[in-house]
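Participant: Each number in our numbering comes from the position in the sequence shown (counting from 1) with 91 added on.
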Amino acid sequence: MKVAVPSIMSQAGKDYLTSRGFELIETKSQSAAALVKEAADADGIILMTEPFPNTLADQLPKLKVIARHGVGYDNIDPEFWAKRGVWVTIAKNANASTVAESTLAAMMAISKNLVPTTEHLRQGDWGWTFAHQGFDLAGKTLGIVGYGRIGRMIAKKASAFDMKIIAYTPSNRSDGNAEMVDRDTVFKEADIISLNMRVTPETTRSVGQREFDMMKDSAILLNFGRAALVDQAAMQTALKTGSITAAAVDVFDQEPLPKDDPWFSTPNVLLTPHCAGNTKECMDRMAVDAASEVVRVLNGEKPLWNVNQPEH
């Protein structure tokens, strides 16, 4: 049987499949057009972040499983594919620790002005940093909106910084690392806010002008979750007007970012190209976990981390 995989996928995932007798279809692009052209006879596919339109159903007739190389699945419609008898799975546990580390790295970089200090030093300005002091994390309040695997991992790791940690999740379940509060309290009281919700109809663009008006003008917003959670224009305005102090953004409405995208002219924001999980260890885990789900399904077993239930 054949499995379509992105050519950039970790070799560990490819080896997992080939060692079990599967033939790989390696594609440089996972656009719909490329998949129709190169992977029309695939039995399974490992999908990164490209949109996977429902129109592919009739063009990939042998498909039995779509395994996301990650945990988010807003680029695919699981219920539609369930009606077509296709499993949709995620790599549930692969990236939580790494994304949490990246989130905290951004928090630390912003709190100590590391990026602008480096830029000014390269220009010969030794004294810039002394006129632009950072701030301690100890004693500050970290607010986490969305307390799933990644949110909980952020709280666990951040507890070492002697911060007060508050969190909001609809289930209100705590693991002891964060004080559970209502959603508005997070935005009103936190010095640093991390967005870690799933994209749903309720959470899409749920962080907008109302939330920015509630936040402290000294607040920092970290979005290493999904771009769709935030009203991008409202966030850019908040940064330009000083309604909030700074932000770090790893996810965008359009990826790669166009050269004329407004983010490039937005001040006080640390931008990274959707790379919060981009470590060798994490990429190996995601590839192997996704590959293992493909193998289970194609061997007639039920996957471990499915997000749908095929009807036939």
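Every residue, glycine too, gets a C-beta built ideally from N, C-alpha and C. Predicted model, so just to flag it, every value in this text is computed and none were measured.
Return the chain-ordered list of same chain residues with a C-beta closer than 7 angstroms to the C-beta of A378, the five sequence neighbours on each side being excluded.
Facilitator: Translated into positions along the sequence shown, residue 378 becomes position 287. Excluding sequence neighbours, A378 sits near M100, S101, A103, G104, H160.
Participant: Bridge partners of N314, per DSSP?
Facilitator: Working through the sequence shown from its first residue, we reach residue 314 at position 223. According to DSSP, N314 bridges with L286, V340.
Participant: Going by Cα to Cα distance, which pick from A200, I157, A251, A187 is closest to A130?
Facilitator: Looking up residue 130 in the sequence shown gives position 39. Residue I157 is the option with its Cα nearest to A130.
Participant: For A258 and G234, which I take to be in contact (beta-carbon distance under 8 angstroms), what is that distance rounded to the nearest angstrom?
Facilitator: On the sequence shown, position 167 is the one that residue 258 refers to. On the sequence shown, position 143 is the one that residue 234 refers to. Between G234 and A258 the Cβ distance is about 7 angstroms, and since that is below 8 angstroms, they are a contact.
Participant: Between N154 and L395, what straight-line distance do the alpha-carbon atoms span, to the nearest angstrom?
Facilitator: Here residue 154 corresponds to residue number 63 of the sequence shown, with the count starting at 1. Here residue 395 corresponds to residue number 304 of the sequence shown, with the count starting at 1. One detail in the question is off: residue 154 reads as Leu in this sequence, not Asn. Distance between the alpha carbons of L154 and L395: 18 angstroms.
Participant: Check each candidate in I241, L228, S265 and name the one with the smallest Cα separation from A187.
Facilitator: Translated into positions along the sequence shown, residue 187 becomes position 96. Ranking I241, L228, S265 by Cα distance to A187 puts I241 first.
Participant: If we call anything under 8 angstroms between Cβ atoms a contact, is P179 one with N390?
Facilitator: What you label residue 179 is simply residue 88 of the sequence shown in a count that begins at 1. What you label residue 390 is simply residue 299 of the sequence shown in a count that begins at 1. Per the sequence presented here, residue 179 reads as Val, with Pro not at that position. No; because the gap between Cβ atoms is not below 8 angstroms, this pair is not in contact.
Participant: When the Cα atoms are used, what is the spatial distance from F221 to K183?
Facilitator: Counting from 1 along the sequence shown, the entry for residue 221 is found at position 130. Counting from 1 along the sequence shown, the entry for residue 183 is found at position 92. Those two C-alpha atoms are separated by around 44 angstroms.
Participant: Indicate whether the contact test is met: 3 or more Cβ pairs, each with one atom in the stretch 330-344 and one in the stretch 352-366, closer than 8 angstroms.
Facilitator: yes
Participant: Distance check for V277 and A319, CA to CA, integer angstroms please.
Facilitator: By 1-based counting over the sequence shown, the position of residue 319 is 228. By 1-based counting over the sequence shown, the position of residue 277 is 186. Taking the straight line from one Cα to the other gives about 19 angstroms.
Participant: If you follow the alpha helix (DSSP H) that R243 is part of, which residue opens it and which one closes it?
Facilitator: Indexing the sequence shown from 1 puts residue 243 at position 152. Taken as a continuous stretch (DSSP letters only), the alpha helix (DSSP H) holding R243 covers 240-249.
Participant: Measure the C-alpha to C-alpha separation of R301 and S122 and round it to an integer number of angstroms.
Facilitator: As a working note, residue 301 is residue 210 in the sequence shown. As a working note, residue 122 is residue 31 in the sequence shown. Whole-angstrom Cα-Cα distance: 36 angstroms.
Participant: Under DSSP, the alpha helix (DSSP H) around R213 begins and ends at which residues?
Facilitator: Along the sequence shown, one-based indexing puts residue 213 at 122. First-last of the alpha helix (DSSP H) with R213: 205-213.
Participant: When you compare the stretch 140-148 with the stretch 262-277, are there three or more beta-carbon pairs, one atom per stretch, that lie closer than 8 angstroms?
Facilitator: Verdict: no, contact absent.
Participant: Taking DSSP as the reference, what is the three-state secondary structure of G234?
Facilitator: The count along the sequence shown starts at 1 and reaches residue 234 at position 143. Strand at G234.
Participant: Roughly how many whole angstroms lie between the Cα atoms of H365 and E192?
Facilitator: Here residue 365 refers to the residue found at position 274 when the sequence shown is read from its first residue. Here residue 192 refers to the residue found at position 101 when the sequence shown is read from its first residue. Distance between the alpha carbons of H365 and E192 is about 14 angstroms.
Participant: Kindly list the residues whose CB is nearer than 7 angstroms to the CB of G225, restricted to its own chain and excluding five residues on each side of it in sequence; keep chain order.
Facilitator: Taking the first residue of the sequence shown as position 1, residue 225 is located at position 134. Excluding residues within five positions, the ones whose Cβ falls inside 7 angstroms are S202, K203, N204.
Participant: Between the stretch 311-330 and the stretch 204-213, do three or more beta carbon pairs fall short of 8 angstroms?
Facilitator: no
Participant: Quick check on DSSP: helix, strand or coil for E280?
Facilitator: Indexing the sequence shown from 1 puts residue 280 at position 189. The answer is helix: DSSP assigns E280 an H, G or I state.
Participant: Smallest Cα separation from N166: which of I181, T363, T336?
Facilitator: By one-based count along the sequence shown, residue 166 stands at place 75. Comparing Cα positions, the closest option is I181.
Participant: Considering just the uninterrupted stretch of the beta strand (DSSP E) at L362, what are its terminal residues?
Facilitator: Working through the sequence shown from its first residue, we reach residue 362 at position 271. Residues 360-362.
Participant: Which residues does DSSP pair with N397 in a beta bridge?
Facilitator: Here residue 397 refers to the residue found at position 306 of the sequence shown. Answer is T180.
Participant: Taking DSSP as the reference, what is the three-state secondary structure of I201?
Facilitator: Taking the sequence shown and counting its residues from 1, the one referred to as residue 201 is at position 110. It is helical.
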